[in-house]
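Here this note's numbering is used: position 237 in the sequence shown is 777, and no number is missing along the way.
Beneath this line is the structure, given in structure tokens, with notes to follow.
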Amino acid sequence: SRYDIAGLKADLDGIQLIDEPQVVRKRSRDFFWYSPILNTELADKSADIIACPRDEAEVVRVAAACARRRIPLTVRAAGTGNYGQAVPLEGGVLLDITALTGIEWQKPGSVRVAAGARLLDIDMATRASGFELRMHPSTKRSATIGGFVAGGSGGVGSVTYGGLREPGNILAARIVTLEEEPRILELRDDAAQKVNRSYGTTGIITALEMPLAPAWPWIDVIVAFDDYMDAFQAGYEVALADGIVKKLVTPISAPIPSYFGALKQHCPEGKSILICMIAEASLGPFKAIIGNRGTTTYEAPSEEGPGTVPLYEYTWNHTTLQWLKSDRSITYLQCLFPHDRLVESAAEMIARFPDEVLAHHEFIRFGGRVTASALPILRYSTPERLNEVIALHEDAGVMIANPHVVSLEAGSRHKRADADQLGFKREVDPYGLLNPGKMASFTASQAK
Ligand code: FAD
Numbered sequence: 541s542r543y544d545i546a547g548l549k550a551d552l553d554g555i556q557l558i559d560e561p562q563v564v565r566k567r568s569r570d571f572f573w574y575s576p577i578l579n580t581e582l583a584d585k586s587a588d589i590i591a592c593p594r595d596e597a598e599v600v601r602v603a604a605a606c607a608r609r610r611i612p613l614t615v616r617a618a619g620t621g622n623y624g625q626a627v628p629l630e631g632g633v634l635l636d637i638t639a640l641t642g643i644e645w646q647k648p649g650s651v652r653v654a655a656g657a658r659l660l661d662i663d664m665a666t667r668a669s670g671f672e673l674r675m676h677p678s679t680k681r682s683a684t685i686g687g688f689v690a691g692g693s694g695g696v697g698s699v700t701y702g703g704l705r706e707p708g709n710i711l712a713a714r715i716v717t718l719e720e721e722p723r724i725l726e727l728r729d730d731a732a733q734k735v736n737r738s739y740g741t742t743g744i745i746t747a748l749e750m751p752l753a754p755a756w757p758w759i760d761v762i763v764a765f766d767d768y769m770d771a772f773q774a775g776y777e778v779a780l781a782d783g784i785v786k787k788l789v790t791p792i793s794a795p796i797p798s799y800f801g802a803l804k805q806h807c808p809e810g811k812s813i814l815i816c817m818i819a820e821a822s823l824g825p826f827k828a829i830i831g832n833r834g835t836t837t838y839e840a841p842s843e844e845g846p847g848t849v850p851l852y853e854y855t856w857n858h859t860t861l862q863w864l865k866s867d868r869s870i871t872y873l874q875c876l877f878p879h880d881r882l883v884e885s886a887a888e889m890i891a892r893f894p895d896e897v898l899a900h901h902e903f904i905r906f907g908g909r910v911t912a913s914a915l916p917i918l919r920y921s922t923p924e925r926l927n928e929v930i931a932l933h934e935d936a937g938v939m940i941a942n943p944h945v946v947s948l949e950a951g952s953r954h955k956r957a958d959a960d961q962l963g964f965k966r967e968v969d970p971y972g973l974l975n976p977g978k979m980a981s982f983t984a985s986q987a988k
């Protein structure tokens, strides 16, 4: 290693460390293998050592030691990110944050938790008093709240509350800086957005304060349609109906459901489907909107306990995973459709890439408007064709967050890698040690 790992070990005496190369290599990976491009690019990246702090005081010790010895530090939580966010590009320390769990306090409408807490555990605890997180990724059963805030964007619940970037969806974050004398900062309201989707480059999050939503009794529903655009239109109407309480509205085109394993029995051959999570009290009005356009094939209370596969594990980026289980030749895109000509734009993309880009959409609110994001399945041929398909989407007004690149700026043209995050990074990580290589604008400014 190019770093003084022996010296670091001495500094961290008493903190659990793992340096077995096989374990370190394995834990230095995430779900980047979804991308054939990242799969080649990141194959041989690995940390030198894993540090497993038990509490914030130990996080501070690890941060101080890394700063003094100029050793890179990459935070890893559950490692379910898709773009190598948790892969240490420059080696160094992988900081496993998953021992920092537990709820600090809960009030009606908000909760304060340690950053390594699993999303499912948080919901199970808050539901006892009738609340739940406003949104979660489809990886809820394994992912952590810190990983979601630092690496994710939104998911189940975003049809009602928008994404994490919407004001009010992250109330506060507590971070440890990467300095020789690490500081602990509390970021509130707007300032909390400085750690949202910055891939752990703007401080080590140790605690988060998140807003809660009412925990409705959710009903999982599948409706089958002959034509995909009918499923899309019906879903759009449900998403627009403010009086219908919902958490998930996901149209999925044939033949994708034929890859749905256990769920296949509820997905008639050749049909497109609409997957929804609807509050029990809203089921009647929901069915009235669907009318006789489609046939309900499944309806049951949502379940996510041990031994069950929740319905949402067929939506968002789990749709890709379900297909990858039996066929590794595909990959995916990440799209945001224009709200002002949504149906036209969705139909246009389907017509333009028949059999190459397979549609499934996620209705969401974005900036106060109902629109659709999508993680369509792409039958992969070459990197050149992939880039061409991306460019053709952008030319047609569909925004792409490219999931085949490692830096946050390259991946999110419509998101922020803004001056605010860059300026903040200089304050909290003056030596550029936090997840180096992920914030390209910072790397470029260092080179000057
Ligand atoms: P990790 O993957 O471990 O980390 C993610 C990033 O956050 C890394 O850059 C890491 O360095 C950083 N990080 C983690 N913890 C901290 C911390 N405490 N302090 C500072 N930085 C930290 N994402 C969505 O937004 N919505 C979805 O619906 C969704 N669906 C998915 C479906 C599948 C099948 C897969 C594989 C991924 C999906 N994702 C989705 C991506 C990912 O699962 C989520 O973003 C998840 O919340 C990441 O949490 P994690 O604990 O696994 O984080």
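Ideal placement from N, C-alpha and C gives every residue a C-beta, glycine not left out.
Please go through the same chain and pick out, in chain order, the residues whose beta-carbon is closer than 7 Å to the beta-carbon of residue 898, but skip the five residues on each side of it. On the sequence shown, residue 898 is found 358 positions in, with the first residue counted as 1. Correct list, in chain order: 793, 796, 916 and 917.
Flag this pair as touching only if the region 882-890 and the region 817-837 have three or more C-beta atom pairs under 8 Å; answer yes or no. Counting Cβ pairs under 8 Å, fewer than three are found: no touch.
Sorted by chain position, which residues of the same chain lie with C-beta nearer than 8 Å to residue 649's C-beta, five sequence neighbours on each side aside? The residue you call residue 649 lines up with position 109 of the sequence shown. Answer for residue 649: 671, 751 and 752, listed in chain order.
Taking buried to mean at least 16 other C-beta atoms within 10 Å of its own C-beta, is residue 983 buried or exposed? One-based indexing of the sequence shown puts residue 983 at position 443. Exposed: under 16 other Cβ atoms inside 10 Å.
With residue 688 as the anchor, note down where its alpha helix (DSSP H) starts and where it stops. The sequence position of residue 688 within the sequence shown is 148, counting from 1. Note, residue 688: alpha helix (DSSP H), 685-691.
So, with DSSP's three-state summary, where would you put residue 566? Here residue 566 is taken as the residue at index 26 of the sequence shown, counted from 1. Reduced to three states, the DSSP call for residue 566 is helix.
Assuming residue 690 and residue 623 make a contact with CB atoms under 8 Å, what is their CB distance in whole Å? In the sequence shown, residue 690 corresponds to position 150, counting from 1. In the sequence shown, residue 623 corresponds to position 83, counting from 1. Not quite, the Cβ-Cβ distance comes to about 12 Å (not below 8 Å), so this is no contact.
Is there at least one non-hydrogen atom of the ligand FAD closer than 6 Å to the beta-carbon of residue 858? Within the sequence shown, residue 858 is the residue found at index 318, counting from 1. Between the ligand FAD and the CB of residue 858, the shortest heavy atom gap is smaller than 6 Å.
Residue 832: beta carbon under 6 Å from a heavy atom of the ligand FAD? Along the sequence shown, read from residue 1 onward, the residue named residue 832 stands at position 292. Short note on residue 832: C-beta not closer than 6 Å to any heavy atom of the ligand FAD.
Specify the secondary structure class of residue 705 as computed by DSSP and reduced to three states. Numbered from 1 along the sequence shown, position 165 holds the residue referred to as residue 705. In this structure, residue 705 counts as coil in the three-state DSSP scheme.
Are there 16 or more other CB atoms within 10 angstroms of the CB of residue 709, so buried, or fewer, so exposed? Here residue 709 corresponds to residue number 169 of the sequence shown, with the count starting at 1. Classification for residue 709: buried.
Where residue 602 falls, given that 16 or more other Cβ within 10 Å makes a residue buried: Taking the first residue of the sequence shown as position 1, residue 602 is located at position 62. Residue 602 is buried by the Cβ-count criterion.
If you pair each beta-carbon of the region 971-981 with each one of the region 608-617, do three or more pairs fall below 8 Å? In the pairwise beta carbon analysis, the region 971-981 is classified as touching the region 608-617: at least three pairs are separated by under 8 Å.
DSSP three-state label for residue 973, please. Mapped onto the sequence shown, residue 973 falls at position 433. In this structure, residue 973 counts as coil in the three-state DSSP scheme.
Between 585, 744 and 759, which lies nearest to residue 824 when the distance is taken from Cα to Cα? For the purposes of this step, residue 824 is taken as residue 284 along the sequence shown, with counting starting at 1. Restricting attention to 585, 744 and 759, the CA atom closest to the CA of residue 824 is found in 759.
I need the DSSP call for residue 761, collapsed to helix, strand or coil. Walking along the sequence shown from the start, residue 761 turns up at place 221. Strand at residue 761.
Same chain, Cβ closer than 8 Å to residue 542, neighbours up to 5 away in sequence not counted: If you number the sequence shown from 1, residue 542 lands on position 2. Only 631 meet the Cβ criterion.
Spatial neighbours of residue 620 within its chain, please: CB distance less than 8 Å, with the 5 preceding and 5 following residues excluded, ordered by chain position. Taking the first residue of the sequence shown as 1, we reach residue 620 at position 80. Within its own chain, the residues whose Cβ lies closer than 8 Å to the Cβ of residue 620, once the five positions on either side in sequence are excluded, are 570, 571, 677, 679, 682, 683 and 687, listed in chain order.
Kindly examine the ligand FAD and report whether one of its heavy atoms sits closer than 6 Å to the Cβ of residue 684. The residue given as residue 684 occupies position 144 in the sequence shown. Residue side-chain check: residue 684 places its Cβ nearer than 6 Å to a non-hydrogen atom of the ligand FAD.
Can you tell me whether residue 954 is buried or exposed? The criterion is at least 16 other CB atoms within 10 Å of its CB, across all chains shown. Numbered from 1 along the sequence shown, position 414 holds the residue referred to as residue 954. Bear in mind that the predicted position of residue 954 carries a pLDDT of just 46, short of 50, making it unreliable; the figure below should be weighed with that in mind. Around the beta-carbon of residue 954, fewer than 16 other beta-carbon atoms lie within 10 Å, marking it exposed.
Do the CB positions of residue 587 and residue 564 come within less than 7 Å of each other? Here residue 587 corresponds to residue number 47 of the sequence shown, with the count starting at 1. Here residue 564 corresponds to residue number 24 of the sequence shown, with the count starting at 1. Their beta carbons are under 7 Å apart, which means residue 587 touches residue 564 by this criterion.
Using beta-carbon positions only, say whether residue 741 and residue 965 come within less than 7 Å of one another. Counting from one through the sequence shown, the residue named residue 741 turns up at place 201. Counting from one through the sequence shown, the residue named residue 965 turns up at place 425. Between residue 741 and residue 965, the CB-CB gap stays under 7 Å.
Short of 6 Å in beta carbon distance, which residues of its chain neighbour residue 859, apart from the five on each side in sequence? Order them along the chain. Numbered from its first residue, the sequence shown carries residue 859 at position 319. 900.
Using the beta-carbon count (16 or more within 10 Å), is residue 927 buried or exposed? Here the question's residue 927 lines up with position 387 in the sequence shown. In this structure residue 927 is exposed. Its beta-carbon is surrounded by fewer than 16 other beta-carbon atoms within 10 angstroms.
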